[in-house]
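Colleague: Going down the list, the protein sequences come from chains A and B.
FYI, in the working numbering the residues of the first sequence are 1 to 292.
FYI, in the working numbering the residues of the second sequence are 1001 to 1274.
The beta-carbon is built from N, C-alpha and C at its ideal position, and this holds for glycine as well.
In this text, all values refer to a predicted model and were calculated from it rather than measured experimentally.
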Amino acid sequence: MNLKRKQVVAASLFLVPAAAIFLLFFYVPFIQSIYYSFTDWSGIGAPTFIGWDNYLHVWKDPHMTEGLKNSLKMAIFGLLVQNSLALLVAISLNRQFRTRSFIRTAFYLPVIISLVVASVVWGQMLQFDGFINAVLNQIGLGAITEDWLGNVKTSFPSIILLTQWQAIGYCAIIYLAGLQAIPKDMYEAAEIEGARGFSLFRYITLPMLMPAVSIVLFLTVVGALKLFDLPYILTNGGPGTSSYTLFLAVYNAAFKENNYGYATAGGIVLAIFIVIVSIVQLTFTRRKEVEL
Amino acid sequence: MNDSKRASLGMEIALIIAALLFMLPVLYLVAMTFKEPGIFYKPLKLPDQLYLEYYKQALGVEFFRSLWNTLLITIGGLSLTIFVASMAGYALSRRKERGFQIFFYLFMSGMIIPTVGSLIPLFKLATSLHLINTRLLLVFLYTAGFIPFASFLYAAFTKSIPRELEESANIDGCGSVRTFWVIIFPLLLPATGTFILTNAYGIWNDFLTPLIFLNSSEKMTLMPMIVQFIFNKQSTNFGPVFAISVLAMLPLLLFFILTQKHMLKGLVMGSVKG
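Rendered as structure tokens:
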């Protein structure tokens, strides 16, 4: 009994540093933000309690609503297109060929590049007199040239496509890791049973890949909700509110308009969305995994 | 799965083309840094000489100061996380008492709760602790953000270490602290490696945190510096901005090339164990 007690004390001491840093710099501010979200507060003076007003205003503010719509568009695009392309790339990379390691590196390279640097390059390439339009003119598609980031219709779609440059490689590597973790004898057994081609994929690869799928889906949706750097640097949400994201709307409300109470309410709404997505995703993919 | 199916030639060619397209923006970025002002805004022209003026402008005091700050904060954040999260993960994995369970779930919720809403209270907290505009604050913030993931990683890896190791060390009169650092921690090296390989980029490339919590150029890291460069000098030539971008990317690129082989392995372990 005495030994056990000693062990518990020792283990508690091991936990203290991490717990202290985590509580002080993560949890306490989070709890405080819940309080501030019910107040009108500009950062100076005392916050005044205003009940649910901030939360009601979030749904009337075009920055927030447009930001939310954009994040949803991006999430749906990510789920359908990015997810399938990443899986396709991963399945191809899982085969044997000479240039494999070069191609794997090429796909993963954009992942390590910061969004800031990505914005610098792509901002230049997407300008009206930039690289993309120059290429389009060269190959006779001059008719579809566009000021890609300066146009209400194309600004956010361009940003979505930009995110793909990094997201596909990242998700493909996670899928590849998942594929390589599938034991080979499972395929052999299935082949003996007569499974071929697509049914191998459907009944072995896909169910075994479900943990990887769940990670990728989660990263895709949360990434869409939290997107900030690209629109901040490239368009600052414009033109109009066409390329706002929820995160950018929260940032601008806080640090441009000093409307801290309102901004934290926006932050909480964002947090709630992320929590909902996490729960839906966890229960959904867990069920899928069990089906195996 | 080394003797998996071979890819057909057509598929290989399609992949090579796609890979080259993925690399194009990076090559374009590098090419831009060597283009003299006369052809800088002609997007299809390749540099015809090695024009180094932008690099000369970029390699000023400002750049080296930011590089140093970024390096300090990255190494500081990773080290502090490894130090506290390895101990915490170990404790959480070994003890099943209620108190530990509560912290387990508290940490777990930290992986879901986003920090956007907390930025303003954090700002206030940092001001009252006199930590605003210090590199130490960023080290703490990154550590707080990484603790959930890193603790789980360490907890998962601890499970595969037999308890008998600690018990026999204890019988030999080795205290818990020494047992951990001398015997357990070295065995957790794969977890440490996985953590560094997957999170070094996050700190190095982060833009938002230094943007909010640092305000003097003395303390600034590389990414906000690049953005300030863009916003301040919008009308003038973009050449130096491109050159700084390449220089800021270079250390990570080196790190990536050196650790690439382990990276894939690390991701596998992170996802299987985590």
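Name the chain B residues that come within less than 8 Å of ARG202/A, Cβ to Cβ?
Modeller: Result: empty, since nearest Cβ-Cβ is about 17 Å, beyond 8 Å.
Colleague: Quick one, which of LEU1027/B, GLU1012/B, PHE1231/B, LYS1056/B has its alpha-carbon nearest PRO110/A's?
Modeller: LEU1027/B
Colleague: Using a threshold of 7 Å, state whether the C-beta atoms of MET1220/B and SER1066/B are closer than that.
Modeller: Closer than 7 Å, so yes.
Colleague: To the nearest angstrom, how far is it from the Cα of TRP59/A to the Cα of PHE97/A?
Modeller: Cα to Cα, TRP59/A sits roughly 53 Å from PHE97/A.
Colleague: Under the rule that 16 or more other beta-carbon atoms within 10 Å means buried, what is ASP1048/B, buried or exposed?
Modeller: exposed
Colleague: Apart from the five residues just before and just after ALA11/A, which ones in its own chain have a Cβ nearer than 8 Å to its Cβ?
Modeller: none
Colleague: By Cβ distance, which residues of its chain are closer than 7 Å to VAL1241/B, with the 5 residues on each side in sequence left out?
Modeller: ILE1226, PHE1229, ILE1230
Colleague: Please determine, among VAL1177/B, ALA1156/B, PRO1162/B, GLY1175/B, the residue with the shortest C-alpha to C-alpha distance to MET1092/B.
Modeller: The question names Met, yet the displayed sequence has Leu at residue 1092/B. It is ALA1156/B.
Colleague: With a CB to CB cut of under 6 Å and the five nearest residues on each side skipped, what residues in its chain are close to GLN166/A?
Modeller: PRO110, VAL111
Colleague: For TRP41/A versus TYR260/A, is the C-beta distance shorter than 7 Å?
Modeller: yes
Colleague: Taking C-alpha atoms, which residue in LEU1071/B, LYS1035/B, TYR1105/B, PRO1148/B lies nearest to THR1081/B?
Modeller: Ranking LEU1071/B, LYS1035/B, TYR1105/B, PRO1148/B by Cα distance to THR1081/B puts PRO1148/B first.
Colleague: Check the DSSP bridge columns for GLN96/A and list the partner residues they point to.
Modeller: ARG1006/B
Colleague: Can you say whether LYS1159/B is buried or exposed, counting buried as having 16 or more other CB atoms within 10 angstroms of its CB?
Modeller: exposed
Colleague: Tell me, please, whether the stretch 1121-1139 of chain B touches the stretch 1201-1217 of chain B by the rule of three or more beta-carbon pairs shorter than 8 Å.
Modeller: Counting Cβ pairs under 8 Å, three or more are found: they touch.
Colleague: Pairing CB atoms from the stretch 1107-1122 of chain B with CB atoms from the stretch 29-43 of chain A, are three or more of them under 8 Å?
Modeller: yes
Colleague: Assign LEU68/A to one of three DSSP states: helix, strand, or coil.
Modeller: helix
Colleague: Measuring straight from C-alpha to C-alpha, what distance separates SER84/A and SER1079/B?
Modeller: 37 Å
Colleague: For GLU1167/B, report the span of its alpha helix (DSSP H) as first-last.
Modeller: 1164-1171
Colleague: Among the residues of its own chain, which have a CB less than 7 Å from the CB of PHE1104/B, if the five just before and after it don't count?
Modeller: LEU1092
Colleague: 7 Å is my cut-off, CB to CB: does LEU1062/B come that close to chain A?
Modeller: For the record, residue 1062/B in the displayed sequence is Glu; it is not Leu. Answer no: the Cβ-Cβ gap between GLU1062/B and chain A never drops below 7 Å.
Colleague: Going along the chain, which residues of the stretch 140-169 of chain A sit with their C-beta nearer than 9 Å to a C-beta in chain B?
Modeller: TRP165, ILE168, GLY169
Colleague: Contact between the stretch 1009-1025 of chain B and the stretch 230-248 of chain A: three or more CB pairs below 8 Å?
Modeller: Touching, no.
Colleague: To the nearest angstrom, how far is the alpha carbon of GLU291/A from that of ALA90/A?
Modeller: Summary for GLU291/A: the model assigns pLDDT 43, below 50, so the residue's position carries little reliability; its value from the coordinates is reported in the next sentence. Their Cα atoms are separated by approximately 23 Å.
Colleague: Any idea if VAL1182/B is buried or exposed, counting beta-carbon neighbours within 10 angstroms, 16 or more meaning buried?
Modeller: exposed
Colleague: My output table needs one value for PHE1231/B: the three-state DSSP class, helix, strand or coil.
Modeller: helix
Colleague: Label SER33/A either buried or exposed according to how many other C-beta atoms from any shown protein chain fall within 10 Å of its C-beta, with 16 as the threshold for buried.
Modeller: buried
Colleague: Between LEU1141/B and THR1209/B, is the Cβ-Cβ spacing less than 7 Å?
Modeller: Yes, the pair counts as a contact, with Cβ atoms nearer than the cut-off.
Colleague: Under a CB-based cut-off of 7 Å, is MET1087/B close to chain A?
Modeller: yes
Colleague: Restricting to Cα atoms, I'd like to know which of LYS1042/B, LEU1137/B, PHE1100/B is closest to PHE26/A.
Modeller: Minimum Cα distance to PHE26/A is reached at LEU1137/B.
Colleague: Could you please tell me which residues of the stretch 227-248 of chain A, in chain order, have their CB closer than 7 Å to any CB of chain B?
Modeller: PHE228, ASP229, ILE233, PHE247
Colleague: Closest by CA to THR1259/B, which one among ILE1244/B, ASN1199/B, PHE1238/B, ASN1232/B?
Modeller: ASN1199/B
Colleague: Kindly indicate if chain A contains any beta-carbon less than 7 Å away from that of PRO1114/B.
Modeller: yes
Colleague: Return the CA-CA distance between GLU257/A and LYS69/A, expressed in angstroms with no decimal places.
Modeller: Each residue's alpha carbon lies about 22 Å from the other.
Colleague: So, is the C-beta of LEU15/A closer than 7 Å to a C-beta in chain B?
Modeller: yes
Colleague: Given that VAL1084/B touches chain A, what residues does it touch there, using C-beta distances under 8 Å?
Modeller: PRO17, ALA18, ILE21
Colleague: Mind checking who THR39/A pairs with in its DSSP beta bridge?
Modeller: PHE49/A
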